[in-house]
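Peer 1: Residue numbers (the working numbering): 7 to 182.
Following this message is one structure expressed as structure tokens.
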Ligand SMILES: [Zn+2]
């Protein structure tokens, strides 16, 4: 962010609470740069396979990710996760547990960051079909995931899934 949204003065960078913030020298506006929340789900079917969506949009067009997206105004993370799964894969899901959250910045957009919140879920209805930001959605067995997984947050979520499977967590095995 370069200019103050209140008074249009040019912003300056100051360290506040150990992080660089964009601060207005004229009206004291501070751009806190709090992360944007993204919610999504690791949907596990009765075979223990995981649902991935292929990205139809940049960045990482053609790469795979867990169905996820930016939360809308007034939504809970749970509501957003179910909605994103529905929009991107056609499936209705029931959340079965909490997977993890991850903070992520952008190398090319240093004034923007995201907090991912991932749940476990299981399919309860709908028809599998890519939609919205995804052009294909399908389940993969744990040992045959596609190599091109988009974003370190999704790679970390899948690593956590593998660890939870090894620990025999029921939600990670589709056993709930
Ligand atoms: Zn200002």
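Cβ coordinates follow ideal geometry from the N, Cα and C atoms, glycine included.
Tell me where the alpha helix (DSSP H) around residue 99 begins and ends.
Peer 2: In the DSSP assignment, residue 99 falls outside any alpha helix (DSSP H) and within the unbroken beta strand (DSSP E) covering 97 to 111.
Peer 1: Is the distance from the Cβ of residue 45 to the Cβ of residue 123 below 8 Å?
Peer 2: With respect to residue 123, residue 45 sits close: the two C-beta atoms are nearer than 8 Å.
Peer 1: So does the segment 82 to 97 actually touch the segment 153 to 165, counting three or more Cβ pairs closer than 8 Å?
Peer 2: Contact annotation: the segment 82 to 97 does not touch the segment 153 to 165, with fewer than three C-beta pairs closer than 8 Å.
Peer 1: Leaving out five residues before and five after residue 12 in sequence, what residues of the same chain have Cβ atoms less than 6 Å from its Cβ?
Peer 2: 33 and 35
Peer 1: Whole angstroms is fine: what's the gap from residue 22's alpha carbon to residue 47's?
Peer 2: 34 Å
Peer 1: For residue 176, does the three-state DSSP call read helix, strand or coil?
Peer 2: helix
Peer 1: Any contact of the segment 168 to 176 with the segment 131 to 142, i.e. 3+ C-beta pairs under 8 Å?
Peer 2: no
Peer 1: Please classify residue 133: does DSSP put it in a helix, a strand, or coil?
Peer 2: In the structure shown, residue 133 sits in coil (DSSP, three-state: anything other than H, G, I, E or B).
Peer 1: What do you reckon, are the CB atoms on residue 138 and residue 94 nearer than 8 Å?
Peer 2: yes
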